[in-house]
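Residue numbers 1321 to 1474, in the working numbering, belong to the letters of the sequence shown in order.
Every residue, glycine too, gets a C-beta built ideally from N, C-alpha and C.
Just so we're clear, the structure is a prediction, and the values are computed from it rather than from any experiment.
For reference, the structure is listed below as structure tokens.
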Amino acid sequence: MDDDSYNSADGMELTSQGAGTYWYLPPECFVVGKEPPKISNKVDVWSVGVIFYQCLYGRKPFGHNQSQQDILQENTILKATDVQFPPKPVVTTEAKAFIRRCLAYHKEDRVDVLQLSSDPFLMPHIRKALGSSSAPLAPPLPSTSSCYGSSASD
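Here it is as structure tokens:
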């Protein structure tokens, strides 16, 4: 399957097989077994949460000082059931709630890309970027990635 043929509206889910930069992958990408769990664009939403957290706090929310090997051996992401926020810098409750929605441990509890595009935290910023508070939003592009095809280092 190529990236151009994937359409999330088809209801297709990808498997969690593959590798990526572990700090940015959700727990479902680390589940092993006979039947790898199915994944969706919620993998990408988790990554957004990690990146946003890192932009605000200057560190990764899970496994910050660990190597990828340690993250895998110690099941760091599988144990990442709750995101912790440092006291500094001071971050708004709304921003923390946005991060929590992105980093929901269970994919069933995590928003998808479409829901994220209309998230209450983002809406004022999206409208401002579009130059109008009443401008219609373009639908988001479907996610085309699974748990990525190659391993990368920090």
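Query raised in the report: Between residue 1372 and residue 1419, which are expected to be in contact by the criterion C-beta below 8 angstroms, what is the C-beta distance as a whole number of angstroms?
Result: 6 angstroms between Cβ atoms; contact.
Query raised in the report: Anyone know if the C-beta pair for residue 1430 and residue 1362 falls short of 7 angstroms?
Result: A Cβ-Cβ contact shorter than 7 angstroms links residue 1430 with residue 1362.
Query raised in the report: If you count every other CB in all the chains shown that lies within 10 Å of the CB of residue 1451, and 16 or more means buried, which is it?
Result: Its Cβ having fewer than 16 others within 10 Å, residue 1451 is exposed.
Query raised in the report: Could you give the distance in angstroms between the alpha-carbon of residue 1424 and the alpha-carbon of residue 1366?
Result: Spanning the alpha carbons of residue 1424 and residue 1366 requires a straight line of approximately 8 angstroms.
Query raised in the report: Assuming residue 1421 and residue 1439 make a contact with CB atoms under 8 angstroms, what is their CB distance in whole Å?
Result: About 7 angstroms; that satisfies the 8 angstroms criterion.
Requested in this report: Assuming residue 1397 and residue 1356 form a contact by the criterion Cβ under 8 angstroms, report the distance between their Cβ atoms to the nearest whole angstrom.
Outcome: Rounded, the Cβ-Cβ distance is 15 angstroms, inconsistent with contact.
Requested in this report: Answer yes or no: do residue 1389 and residue 1380 have a C-beta to C-beta separation smaller than 7 angstroms?
Outcome: Contact: no.
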